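K.L.:
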Amino acid sequence: MTRAALLLCAGLALAACSKTPSRPIEHDPAKIAANAVAAQPADPKLAGLYDTSCKACHGRPGSGAPLALDHTAWDSRWARGLPSLMQSVIGGKAGMPAGGQCFACTEGDYKALVRFMADQQGS
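Take the sequence shown: its letters are residues -15 to -1, 1 to 108, numbered as in mature numbering (1 follows the signal peptide of the UniProt record, and there is no 0).
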């Protein structure tokens, strides 16, 4: 095998390991809005918490909150790290009330809900 072919194979192997979204990133505002409105965690407990505490803003276009599953809105936030996002959730930030008005949420629930909204469940 030539050196060039070996380098090409190594490059392809590394590219295959990159963390790209499992779905294509949506850029159509109407589809982003429709996805946010329909978004629902698979776990029944999280779905209930999401419906009562998160969906009113993160599932409603025009609310000013980053819409659930909207990579354009969430990727830069996710890049700051989950601890930074947790500070915003627990302490509040801008229009988001402290704790997201989820009085039944545990720290684990908050983390799972943020992962769901940011479409980062596997992270």
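Glycine included, C-beta positions come from ideal geometry on N, C-alpha and C.
This structure is a prediction, so every number in the text was calculated from the model and none was measured.
Leaving aside the five residues before and after ASP94 along the sequence, list all residues of the same chain whose C-beta is less than 8 Å from its C-beta, in chain order.
P.N.:
Within the sequence shown, residue 94 is the residue found at index 109, counting from 1. LYS30, LEU31, LEU34 and CYS87, listed in sequence order.
K.L.:
Which residues does DSSP pair with LYS78 in a beta bridge?
P.N.:
Numbered from its first residue, the sequence shown carries residue 78 at position 93. DSSP output for LYS78 lists MET81 as bridge partner(s).
K.L.:
Look at the alpha carbon of MET71 and the alpha carbon of ARG45, and state the distance between them as a whole number of angstroms.
P.N.:
Position 86 of the sequence shown, counted from the start, is the residue given in the question as residue 71. Position 60 of the sequence shown, counted from the start, is the residue given in the question as residue 45. Computed Cα separation, rounded: 21 Å.
K.L.:
Looking only at its own chain, which residues have a Cβ that is under 7 Å from the Cβ of GLY49, when we skip the five neighbours before and after it?
P.N.:
As a working mapping, residue 49 is identified with position 64 in the sequence shown. Once the five neighbours on either side are set aside, the close Cβ partners of GLY49 are GLY80.
K.L.:
CA-CA distance, ALA58 and ALA21?
P.N.:
As a position in the sequence shown, residue 58 is number 73, starting the count at 1. As a position in the sequence shown, residue 21 is number 36, starting the count at 1. The straight-line gap from Cα to Cα measures roughly 12 Å.
K.L.:
Could you check the C-alpha separation between PHE101 and ALA15 for me, to the nearest Å?
P.N.:
Taking the first residue of the sequence shown as position 1, residue 101 is located at position 116. Taking the first residue of the sequence shown as position 1, residue 15 is located at position 30. Each residue's alpha carbon lies about 20 Å from the other.
K.L.:
Looking at the secondary structure, which residues open and close the alpha helix (DSSP H) in which ARG65 lies?
P.N.:
Residue numbering aside, residue 65 sits at position 80 when the sequence shown is read from its first letter. ARG65 -> no alpha helix (DSSP H), and no H or E assigned at all.
K.L.:
I need the DSSP call for LEU54, collapsed to helix, strand or coil.
P.N.:
If you number the sequence shown from 1, residue 54 lands on position 69. Residue state, collapsed to three classes: coil.
K.L.:
Within 10 angstroms of the Cβ of SER38, are there 16 or more other Cβ atoms? Answer buried if so, exposed if not.
P.N.:
Working through the sequence shown from its first residue, we reach residue 38 at position 53. Classification for SER38: buried.
K.L.:
Would you mind sorting ALA97 into buried or exposed? The rule is 16 or more other CB atoms within 10 Å of its CB.
P.N.:
Taking the sequence shown and counting its residues from 1, one reaches residue 97 at position 112. Classification of ALA97: buried, given that the 10 Å Cβ count is 16 or more.
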